[in-house]
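Numbering (the working numbering), first residue to last: 110 to 284.
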């Protein structure tokens, strides 16, 4: 996804925080109810000001939590439509584990509904992990939904690795 932290609808985030985390909502509201001003100081020259009207601020200790709360309704929507597909999320990184056809359908729904929540998936940057024998069926499932993703036997994810033992050994080998 594009940088979801910058693309996030601030108003929608505050609404979700108010309803899903009431105890933290006043603090979040006080931090994000106005545009955020970033001042660029350049010695000997006039300072430049950059105004931020959307998203959460980089460096804010609450940014991850606020972003996660803002995306929760999207994750719930996907889970309600496809309950058999496991969908772990880490910040703006989503993953799916299930049959190829259902994974493709979840990605398609994510493409349709994500922008309403400030989440902009980019399938061309996504990886579908499967065995070599399953790859033709997986390719057919994603092609049927009009999605272009990359296929692999293993890939890094959130600091870890997902894939076959052979590809993991390759990944762990010293450079």
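Each residue gets a CB set at the ideal place from its N, CA and C atoms; glycine is no exception.
Residue range of the beta strand (DSSP E) that includes residue i
| i | result |
| --- | --- |
| residue 157 | 157 to 161 |
| residue 195 | No beta strand (DSSP E) holds residue 195; DSSP gives it neither H nor E. |
| residue 147 | 145 to 149 |
| residue 264 | 263 to 266 |
| residue 270 | 269 to 272 |
Boundaries of the alpha helix (DSSP H) in which residue i is found, first to last residue
| i | result |
| --- | --- |
| residue 256 | Run containing residue 256: none; DSSP gives neither H nor E here. |
| residue 138 | 131 to 141 |
| residue 113 | 113 to 116 |
Test item: CB-CB of residue i and residue j under 8 Å
| i | j | result |
| --- | --- | --- |
| residue 161 | residue 181 | no |
| residue 121 | residue 255 | no |
| residue 230 | residue 220 | yes |
| residue 178 | residue 125 | yes |
| residue 306 | residue 232 | Residue 306 falls outside the range modelled here, since the chain spans only 110 to 284, and no answer is possible. |
| residue 191 | residue 113 | no |
| residue 239 | residue 249 | no |
Buried versus exposed call for residue i [16 or more other C-beta atoms within 10 Å across all chains shown]
| i | result |
| --- | --- |
| residue 272 | buried |
| residue 270 | exposed |
| residue 199 | exposed |
| residue 281 | exposed |
| residue 132 | exposed |
Alpha-carbon spacing of residue i relative to residue j, whole angstroms
| i | j | result |
| --- | --- | --- |
| residue 259 | residue 236 | 5 Å |
| residue 336 | residue 166 | Nothing about residue 336 can be read from this structure; the chain reaches only from 110 to 284. |
| residue 155 | residue 172 | 30 Å |
| residue 203 | residue 195 | 10 Å |
Beta-carbon separation (whole angstroms), residue i vs residue j, contact threshold 8 Å
| i | j | result |
| --- | --- | --- |
| residue 163 | residue 118 | 6 Å |
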